[in-house]
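Novice:
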């Protein structure tokens, strides 16, 4: 048996901190953990002033 998890999107996200601790550095990603198994989406930049990101990724556990 498998469990499929779809990570679609997130809204109203703060800017991720850069290496100096300030906002707007690096990409955003989502982490998924089911039992001992882990997965991570690809890193994205914020889209627009509302702080949205859309991954549309599916994981099978």
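Numbering (the UniProt record's numbering), first residue to last: 1 to 61.
For every residue, glycine included, the Cβ atom is placed at its ideal position computed from N, Cα and C.
Note that the structure is predicted; figures quoted are calculated from it, not measured.
(1) If residue 41 and residue 7 are in contact, beta carbons under 8 Å, what's the gap, nearest whole angstrom?
(2) By a C-beta neighbour count over all protein chains shown, 10 Å radius and 16 as the cutoff for buried, is residue 28 buried or exposed?
(3) For residue 11 and residue 52, what's the separation of their Cα atoms in angstroms?
(4) Suppose you measure from the CA of residue 2 to the CA of residue 30; what does that come to, to the nearest Å?
(5) With residue 58 as the anchor, note down where its beta strand (DSSP E) starts and where it stops.
Specialist: This is what the structure gives:
(1) 5 Å
(2) buried
(3) 4 Å
(4) 20 Å
(5) 53-60
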